[in-house]
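What follows is a set of notes on a single structure, which appears directly below.
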């Protein structure tokens, strides 16, 4: 049975059992609404890499000492008044009391300072600035360590050492400060979704000019909670990344609306084009638009499912759970939506008087211009995108610079004191070396001689269960490329020493994550591209069109990476828009998450446009006519869909956290670049340049793909 006949059969069955279909979705939606909170609570913030050295070290540290491991420490800091140093009378006593207050506020914490150890590693060269390291137990939650940071700051409110205030800084303290600052004028996940929904409704109202605008939004309202309902049992069985919560709400909103938008627009065309009865128009719309939705959703799901090829549980869970987002949206679009169109659709669209069965004049004129100037259009658009791809080649992977996480408050004040005193940001991202056998003093002495190491802290009371714990403070940021180079030298040195020592810590875990992910990244790209090519070759009955689609999608992803690098790593826009300075680096997980989602989502537009081009070519046999009609029919649709997605990610960028804003910039900006420069300029120009080669499908590949060998050979089409 062909895909078109299968869609016709499904639609006919749905229309005959409309009450059953509607009832099932209502029950699922109600259950999904009830499941949203417990599903969100079951999600994990773990980013561990089982089998890596950092995982081994961090697990043993947490088990033996009850704290530390992959949780970055809190860092209380004080800069003493001029004329006072850590050796002044009473300073050590007051400092010890301040650290004790932090330990009392964070149960189970392990602390070390100059007052408790006498180690000058905790003191700046001038003796006026000193800090402590407070390692916390790992506790579950969306924002691990941030509640403890706030508790520590509250415990030290009004506390002074020699008359100077004590500030609690650290990566989690800075993140907590950033979240607090932006939540005051920011938005929760529910508010972000509401903002995106209102924006989408405005776009839909413009597109439909009738009450039909609420139908795509209604499909999203059903799809989102049902997605959470399916994620919930998965999250109880295995760790599923908390990122899924944001993606299910915001990307789920946008994708469900996009798919419904495509079907409703085609349904309108069929009704106004004289198809006949309303049910006949629905069947015809589903034969074309419904089929495109299935292929679009399949490409998104495949791109996400390919993440299981990575040896990283966090990304595997993201791929499996994220795959549910497009699949649920497809299911809603091909079952519930036809029921809505068959029942209340005509009444909702009654006031509409426009003729949407014709191609847009404006977009048709644009397509004709691109066809006439195809070479120039291809060169200019490729140059602009190539500049962003070049920017992407300068990407530095790691946690954002500490000074980009918060712009004010006690945490930022403490950070500034560390930097201004010459201590630097090393205490915020230290490495923890666990000596499991051998002499800890020998290990500590060897580590102090390593290039890039500022100091090594080895308190005598950090010895338990036959192990000793050393904290290595790098000269710079442990999450930077220089910090990772220092980590490599630490691991090499400990490997050459007698005994057994492994190095972990939050920064070491980040480094191991980077190696595990990007060591297999080319495999993921090849797997996603290959599966997508095969799927689209079946859809378009061509070898060239899907190859072009895959290459343009890779270009789109590269441009999105470049945009993220320019805006965040280099700071061109982040400070002006969000008040956040250049991060200096991009989170290690960000590029691959952006790739997985953006590759699939942007393929939606490829399918929407190329399906119409294929349909027009089959009818006319002219590539130029196919380009003009394809863009004329889908230009407004793709622009509206991209605008809705852009609004969803703009809402996401309003939430707290630099990482969320970074992801929103890459996905939202990538979608808009894709819909304008690539789908609006480069894609039609490329199809026009390739001419009759677009439709080439030899008989042998056609048999392998199990499709009709109706792709036109190059010599068969008139020039």
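Numbering (the numbering used here), first residue to last: 1484 to 2202. Backbone N, C-alpha and C fix where the C-beta goes; we use that ideal spot for every residue, glycine too.
Reduced DSSP secondary structure (H/G/I, E/B, other) of residue i
i            : result
residue 1569 : coil
residue 2189 : coil
residue 2049 : helix
residue 1813 : helix
residue 2143 : helix
residue 1658 : helix
residue 2026 : coil
residue 1611 : coil
residue 1961 : coil
residue 1583 : helix
residue 1775 : helix
residue 1832 : coil
residue 1895 : helix
residue 1556 : coil
residue 1666 : Annotation note: pLDDT 49 at residue 1666 (below 50); position unreliable, no value reported.
residue 1594 : strand
residue 1645 : coil
residue 1952 : strand
residue 1995 : helix
residue 1827 : coil
residue 2183 : helix
residue 1795 : coil
residue 1838 : In this prediction, residue 1838 scores a pLDDT of 48, lower than 50, which makes its location untrustworthy; the coordinate-derived value is nonetheless stated afterwards. Coil, per DSSP.
residue 1933 : coil
residue 1561 : strand
residue 1622 : coil
residue 1589 : coil
Expected contact under 8 Å - CB spacing of residue i and residue j to nearest Å
i            : j            : result
residue 2043 : residue 2125 : Going by Cβ atoms, the distance from residue 2043 to residue 2125 rounds to 13 Å, so no, they are not a contact pair.
residue 2117 : residue 1770 : Contact flag wrong, Cβ pair sits at about 17 Å.
residue 1815 : residue 1739 : 6 Å
residue 1895 : residue 1657 : 7 Å
residue 1525 : residue 1719 : 6 Å
residue 1765 : residue 1494 : 6 Å
residue 1954 : residue 1913 : 5 Å
residue 1786 : residue 2083 : 4 Å
Contacts around residue i, its chain only, beta-carbon distance under 8 Å, and the 5 residues preceding and following it disregarded
i            : result
residue 1697 : 1684, 1687, 1831
residue 2184 : 2020, 2026
residue 2008 : 2037, 2078
residue 1973 : 1914, 1916, 1930, 1933, 1936, 1955, 1986
Cut-off 7 Å between Cβ atoms - residues of its own chain near residue i, not counting five sequence neighbours on either side
i            : result
residue 1628 : 1554, 1555, 1619, 1655
residue 1875 : 2041, 2044, 2045, 2048
residue 1838 : Its pLDDT being 48, under 50, residue 1838 is placed unreliably by the model, and the measurement read from it follows with that caveat. Within the same chain, residue 1838 has close Cβ partners 1755.
residue 1562 : 1611, 1612, 1647, 1900, 1904
residue 1737 : 2127, 2128, 2131
residue 2121 : 2088, 2091, 2092, 2158, 2162
residue 1488 : none
residue 2237 : The structure shown does not extend to residue 2237, since the chain spans only 1484 to 2202, so no value can be given for it.
residue 2004 : 2075
residue 2100 : 2106, 2109, 2178
Endpoints, the alpha helix (DSSP H) within which residue i is located
i            : result
residue 1618 : Element bounds for residue 1618: not the alpha helix (DSSP H) but the beta strand (DSSP E), 1616 to 1618.
residue 2110 : 2106 to 2136
residue 2083 : 2073 to 2103
residue 1635 : 1629 to 1638
residue 1789 : Taken as a continuous stretch (DSSP letters only), residue 1789 belongs to no alpha helix (DSSP H), as it is neither H nor E.
residue 2061 : 2057 to 2061
residue 2070 : Run containing residue 2070: none; DSSP gives neither H nor E here.
residue 2173 : 2166 to 2173
Chain-order list of residues whose beta-carbon lies under 6 Å from that of residue i (same chain, five-residue window excluded)
i            : result
residue 2190 : 2021, 2024
residue 1984 : 1916, 1918, 1926, 1977
residue 2039 : 2085, 2157, 2161
residue 1497 : 1504, 1818, 1821
residue 1779 : 2087, 2090
residue 1794 : 1999
residue 1942 : 1595, 1600
Span of the beta strand (DSSP E) around residue i
i            : result
residue 1940 : 1936 to 1940
residue 1651 : 1650 to 1652
Residue-chain proximity (residue i, chain D), Cβ-Cβ < 8 Å
i            : result
residue 1761 : Among the chains of the structure shown, chain D does not appear; only one protein chain is present.
Going residue by residue through the stretch 1904 to 1929, where are the continuous beta strand (DSSP E) segments of at least 3 residues, counting only ones entirely within it? For secondary structure counted as the beta strand (DSSP E) over 3 or more consecutive residues, the stretch 1904 to 1929 holds these complete runs in sequence order: 1914 to 1920.
Entirely enclosed alpha helix (DSSP H) segments - the stretch 1692 to 1754, minimum 4 residues: If one requires a minimum length of 4 residues, the alpha helix (DSSP H) runs lying completely within the stretch 1692 to 1754 are 1697 to 1720, 1726 to 1729, in chain order.
Whole runs of the alpha helix (DSSP H) within the stretch 1851 to 1884, excluding any shorter than 4 residues: As far as the stretch 1851 to 1884 is concerned, its whole alpha helix (DSSP H) runs of at least 4 residues are 1857 to 1875.
Continuous alpha helix (DSSP H) assignments of at least 4 residues falling wholly in the stretch 1485 to 1544: Secondary structure in the stretch 1485 to 1544: the alpha helix (DSSP H) runs of 4 residues or longer, each lying completely within the stretch, are 1486 to 1499, 1501 to 1525 in chain order.
Just to confirm the assignment: which complete beta strand (DSSP E) runs, minimum length 3, are found wholly within the stretch 1969 to 2015? Within the stretch 1969 to 2015, the complete beta strand (DSSP E) runs of at least 3 residues are 1983 to 1987.
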